[in-house]
Structures are given as structure tokens and as C-alpha cells.
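Below: one structure, written as C-alpha cells.
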Amino acid sequence: MQDFEAAVQNLRRILAASRRAVFFGGAGVSTESGIPDFRSQDGLYRQKYKYPPERILSHSFFMEHTEEFYEFYREKMLCLNAEPNAAHKKLAQWEKEGRLAAVVTQNIDGLHQKAGSKNVFELHGSIWRNRCMRCGMPYPVQRIAKGGGVPRCPCGGTVKPDVVLYEEPLDQAVLDGAVRAISAADTLIIGGTSLNVYPAAGLVEFFRGGNVVVVNRGAPAKDMRGVYFIDAKIGELFSAL
Ligand code: NAD
Numbered sequence: 005m006q007d008f009e010a011a012v013q014n015l016r017r018i019l020a021a022s023r024r025a026v027f028f029g030g031a032g033v034s035t036e037s038g039i040p041d042f043r044s045q046d047g048l049y050r051q052k053y054k055y056p057p058e059r060i061l062s063h064s065f066f067m068e069h070t071e072e073f074y075e076f077y078r079e080k081m082l083c084l085n086a087e088p089n090a091a092h093k094k095l096a097q098w099e100k101e102g103r104l105a106a107v108v109t110q111n112i113d114g115l116h117q118k119a120g121s122k123n124v125f126e127l128h129g130s131i132w133r134n135r136c137m138r139c140g141m142p143y144p145v146q147r148i149a150k151g152g153g154v155p156r157c158p159c160g161g162t163v164k165p166d167v168v169l170y171e172e173p174l175d176q177a178v179l180d181g182a183v184r185a186i187s188a189a190d191t192l193i194i195g196g197t198s199l200n201v202y203p204a205a206g207l208v209e210f211f212r213g214g215n216v217v218v219v220n221r222g223a224p225a226k227d228m229r230g231v232y233f234i235d236a237k238i239g240e241l242f243s244a245l
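The structure is reproduced here in C-alpha cells:
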């Protein structure tokens with residue numbers, strides 16, 4: 005408890021001195037909103053599927069087993085009713101107050117925007133955008149959620165979510181914006197990510213500022229020497245700030 009209090013005090017001090025902090029986050033930011041991550045105790049890797057999530061969420065799997073992809077995607081990724089938690093809300097507040105310049109997220113759930121954040125770089129796209137692979141027409145996510153099987157455009161083409169699947173490249177403009185924001189940041193807060201997924205995890209190397217804070221349940225995969233590591237639930241911690 006003393007550690008938690010000390011972490012709150014330290015983070016408050018760091019943030020009070022920050023003018024262009026950047027938050028870099030992952031699936032752990034949304035677990036307190038009820039969306040499972042990949043690698044926690046109740047993460048998707050511990051659940052029983054015929055294939056591991058990384059295989060199902062790959063480009064080749066999407067092309068070859070589109071119906072099975074959508075079964076998993078509807079059940080596990082399309083969390084349209086999830087609400088932002090204290091972490092999303094606090095980040096939006098800091099942006100409004102002029103302390104936080106950007107959120108760079110690996111998440112596809114749109115909860116940062118739902119909480120009010122404006123400058124969000126969605127490295128892996130968003131479940132909220134979907135389009136036809138043949139004619140490019142947008143397709144409403146609600147229709148994907150409600151329907152069964154493979155969603156089809158009126159033109160007959162297959163609808164694909166605008167999420168970056170494994171084997172697919174990241175969007176260059178999003179990547180460039182994220183690199184620019186991280187390079188210009190005075191504080192980098194990394195939260196709720198195992199830093200296992202590349203190239204996204206490599207972006208933290210672009211940071212040139214003073215303070216790096218990591219808020220995570222358990223140490224991430226990367227070498228974290230020289231950073232301030234707080235082992236905590238991010239929503240709980242941020243709600244105390
Ligand atoms: P990950 O599952 O590899 O790692 C999540 C990390 O967050 C773990 O280290 C876990 O211990 C930690 N964590 C879980 N709950 C936490 C909490 N309340 N507070 C602090 N830490 C917490 O996730 P990743 O590193 O983001 O990589 C997985 C990939 O899959 C990413 O692309 C990710 O965005 C995507 N994904 C996204 C969602 C989503 O959009 N919500 C959900 C699942 C997976």
C-alpha cells in the first residue's frame with residue numbers, strides 16, 4: 005500500500021512537470037473495461053481455441069478461413085458496449101489540461117476516443133472502421149456484430165475490419181505520427197502492454213526525453229533497466245492521481 009501511495013506521489017510529480025508527455029499502451033489498458041488481453045492470466049492465450057489468437061488474427065487466416073475468423077472476432081474482439089475506465093478517462097483529462105500530447109495505442113477498441121482523447125495514434129487500426137475489400141465502401145460495425153457468417157458488401161465483396169492483422173504492415177502515416185510524437189515527448193508513460201508485438205513495441209526506442217514510467221501487471225518483455233516500473237492495475241492507479 006505504501007508502494008502504491010509512493011507511486012501515486014511520484015507520478016503526480018512527473019506529470020506536473022510534463023508539457024508533452026506521450027502515453028504508449030496496449031491491451032492491459034482495457035482489461036478493466038472487461039476486454040481480455042492476450043497474455044494475462046485470463047487473457048485469450050489461456051482460453052481454449054483450435055488455433056492461437058495470433059494465428060486467427062493473421063492475414064492468411066482471414067483470407068483462408070474467413071468464417072472462423074469472424075466467429076472469433078465477434079466473440080472476443082467486438083466489444084461494442086465496453087466503456088472507458090479510469091485510465092482512458094485520466095489520459096483524456098491530461099490532454100485537455102495540456103500535459104499529454106498524444107496517446108499511441110496498440111488497441112483496436114476505440115476506448116481512448118470514447119473517453120475524449122483527440123490525438124490518438126491507433127497503430128493496429130480500429131474495430132469501428134470496416135470496408136469492402138472489392139469496392140472500398142464503408143460497412144457499419146453494428147451490422148457485423150449483429151449478423152452471422154461473413155459480412156458481405158451489397159457489391160458482393162467481403163468486408164474486412166480496418167485492423168492490422170498479423171503479417172500486415174502498419175499504416176505509414178499513423179506510424180510516422182506516432183514516431184514524431186514519441187520523439188518530441190518529455191515524458192513517456194508505457195502502460196498495459198507486454199511489449200511483445202513488433203514493430204509497435206519498437207517505437208518506445210524513439211523516446212529522447214527524461215522520464216520513462218512503465219505501469220503494468222508484471223514486468224514487460226523488454227529490458228526495462230533505467231525506467232521507473234510500477235507494478236499496478238493501471239485503472240486503479242490512474243484513478244488515484
Ligand atoms: P498483451 O496481452 O501482450 O499484454 C498485456 C499486458 O498488460 C500484460 O503484461 C498484462 O500483465 C498487462 N495488464 C493486464 N491488465 C492490466 C491492468 N489492468 N493494468 C496494468 N497492466 C495490465 O497485450 P499487448 O502488449 O497490447 O499486445 C497484444 C496485441 O493484441 C496488441 O496488438 C493489442 O492491442 C491487441 N489486443 C487488443 C485488445 C484491445 O483492443 N482491447 C485486446 C486484446 C489484444
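Sequential numbering of the sequence shown, starting at 5, is according to our numbering.
From the three backbone atoms N, C-alpha and C, an ideal C-beta is built for every residue, glycine too.
These numbers come from a predicted model, not from an experiment.
{"query": "Ligand 1 heavy atom lying under 7 Å from the CB of Q117", "result": "no"}
{"query": "I148 and P142 closer than 8 Å at C-beta", "result": "no"}
{"query": "Sequence-distant residues of its chain with Cβ nearer than 7 Å to F73 (five each side left out)", "result": "I60, F65 and F66"}
{"query": "Where A10 falls, given that 16 or more other Cβ within 10 Å makes a residue buried", "result": "exposed"}
{"query": "N2, DSSP secondary structure in three states", "result": "Any answer about residue 2 is impossible in this case: the structure gives the chain only from 5 up to 245."}
{"query": "Counterpart residues of N220 in DSSP-defined beta bridges", "result": "D235"}
{"query": "Burial state of G222 (16 or more Cβ within 10 Å)", "result": "exposed"}
{"query": "Proximity test, V201 beta-carbon vs ligand 1 heavy atom, cut-off 7 Å", "result": "yes"}
{"query": "Buried versus exposed, by CB contacts within 10 Å (16 or more), A236", "result": "buried"}
{"query": "Boundaries (first-last residue) of the beta strand (DSSP E) holding E126", "result": "V124 to E126"}
{"query": "Selection from N123, L115 and V12 that minimises the alpha carbon distance to V178", "result": "N123"}
{"query": "For F28, the three-state DSSP class (helix, strand or coil)", "result": "strand"}
{"query": "Supposed contact pair V33 and I186 - C-beta distance, whole angstroms, cut 8 Å", "result": "17 Å between Cβ atoms; not a contact."}
{"query": "Closer than 7 Å: D166 CB and nearest ligand 1 heavy atom", "result": "no"}
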